[in-house]
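Q: Numbering (our numbering), first residue to last: 5 to 218.
Heads up, the beta-carbon is just placed ideally off N, CA and C, and yes, glycines get one too.
Treat the numbers as computed from the prediction; the structure is a model and nothing was measured.
I'd like to ask you about the structure that follows.
Right, here's the structure in full:
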């Protein structure tokens, strides 16, 4: 199977079985999503969703969060991984939004990455989910699943993976493809002992193909 065929088969499968895939983070506006994505770094969405209702109620806008101290924010997110750093990031992010962007979330990838706590992955999430741009956010799930399926080859960095995926996925499918790979990696193609026996992508998967040869 050629790489082109592999992309086509996998795209067709997900388009049929998960046509409405989306983030599992709970949010009601772009500011809440940005906050949640920053908190989700090296932390589960489930844990983030447990703390954000109270956090969003206390700090409903960039202006309100910007006026708070990191110590205050910390009290709401202390059960999250790296709470001290993330509290500092959130307050810094809010201050920059309120001061430099008039309280609005920027749509430009480069502008987003100027915000404290926002790297390329987070910026791509916001660009794709909020602004419907053809941006591919690469986290550990996307990196792993793309390599196992054979969608990427010899990629050693998230940026390399991003470039390979964007090059081969139809532009209108890039945003949702991110969610497909994350959800597949979260529930089926898990890091340790992937559930190949129940995976519906066996016939398209490079990893499974190699397992059968071993």
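Could you check which residue in 161, 8, 53, 17 has the C-alpha nearest to that of residue 180?
A: Ranking 161, 8, 53, 17 by Cα distance to residue 180 puts 17 first.
Q: Of all the options 94, 110, 206, 129, which has the alpha carbon lying nearest to the alpha carbon of residue 27?
A: Closest by alpha carbon: 129.
Q: Could you check the C-alpha separation between residue 164 and residue 157 for me, to the nearest Å?
A: So the two alpha carbons sit approximately 9 Å from each other.
Q: For residue 203 versus residue 192, is the C-beta spacing smaller than 8 Å?
A: In this structure, residue 192 lies closer than 8 Å to residue 203 by Cβ.
Q: Among 79, 83, 131, which residue has its Cα nearest to the Cα of residue 53?
A: Checking every option, the nearest Cα to that of residue 53 belongs to 83.
Q: Can you round the beta-carbon distance between residue 139 and residue 109 to whole angstroms, since I take them to be within the 8 Å contact cut?
A: Between residue 109 and residue 139 the Cβ distance is about 14 Å, and since that is not below 8 Å, they are no contact.
Q: Under 8 Å between the Cβ atoms of residue 66 and residue 107?
A: In this structure, residue 107 lies closer than 8 Å to residue 66 by Cβ.
Q: Relative to the C-alpha of residue 15, which residue among 184, 217, 190, 40 is closest?
A: Nearest C-alpha to residue 15: 184.
Q: Compute the distance between the beta-carbons of residue 116 and residue 131, then report whether it is under 8 Å.
A: It is a contact, given that the beta carbons lie within the stated cut-off.
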